[in-house]
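In the working numbering, the protein residues as written are 3 to 165. Where is the CB? At the ideal position from N, CA and C, for every residue including glycine. Remember, it's a predicted structure, so these values are computed and weren't measured experimentally.
What follows is the structure in structure tokens.
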């Protein structure tokens with residue numbers, strides 16, 4: 003490799019690895035590649051199932067319990083076309099670990115009638131319908147069992163050569 007290629011790669015790595023703080027994202031700074039985006043539930047229809055976790059904040063004990071129950075099941079999420087959306091009242095909200103704007107979070111709260119102070123877990127199917135709603139933390143395995151019993155999921159498993 004010649005020196006100009008090494009310099010270009012080094013510069014690219016520096017740009018990609020720049021630290022990003024909340025103020026830069028919220029103010030829409032053009033200096034960083036990562037930005038808040040909107041999240042539209044209808045764009046997921048017929049593509050993904052969505053698991054919505056509503057909570058007042060990241061410090062909420064019930065929210066922390068729920069996230070702990072989910073954290074070791076990433077492959078199960080991917081296998082089931084399941085998108086995790088964390089909707090937090092006083093902290094940043096995320097869709098599959100990407101920050102989403104406050105407007106999107108507010109629309110989700112309104113659509114499902116979840117107050118800012120409440121905890122709720124809602125499973126939305128690929129058809130856009132609510133398949134499950136819990137006011138307490140739920141095991142990932144229970145969510146997966148519910149999904150795996152759905153006719154559309156049964157068809158997916160057959161197409162992928164599993165039963």
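Helix, strand or coil at residue i [DSSP, three-state]
i: residue 88; result: strand
i: residue 158; result: helix
i: residue 184; result: Residue 184 lies beyond the residue range present for the chain, which begins at 3 and ends at 165; the question has no answer from this structure.
i: residue 45; result: helix
i: residue 70; result: helix
i: residue 77; result: helix
i: residue 59; result: coil
i: residue 193; result: Here the chain has residues from 3 to 165 only, and residue 193 is not among them.
i: residue 40; result: coil
Cβ separation of residue i and residue j, assumed to be a contact under 8 Å, to the nearest whole Å
i: residue 126; j: residue 133; result: 7 Å
i: residue 83; j: residue 122; result: In fact, because the Cβ distance is near 22 Å, the residues do not count as touching under 8 Å.
Which residues DSSP lists as bridging residue i, in chain order
i: residue 65; result: For residue 65, which the question treats as bridged, DSSP gives no partner whatsoever.
i: residue 54; result: 87 and 124
i: residue 97; result: 87 and 100
Those runs of the beta strand (DSSP E) which lie wholly inside the segment 113-155 and span at least 3 residues:
Taking 3 residues as the minimum length, the beta strand (DSSP E) runs contained wholly in the segment 113-155 are 122-126 and 132-136, in order along the chain.
Inspect the CB distances between the segment 100-114 and the segment 65-73 and report whether three or more fall short of 8 Å.
No, the segment 100-114 is not in contact with the segment 65-73.
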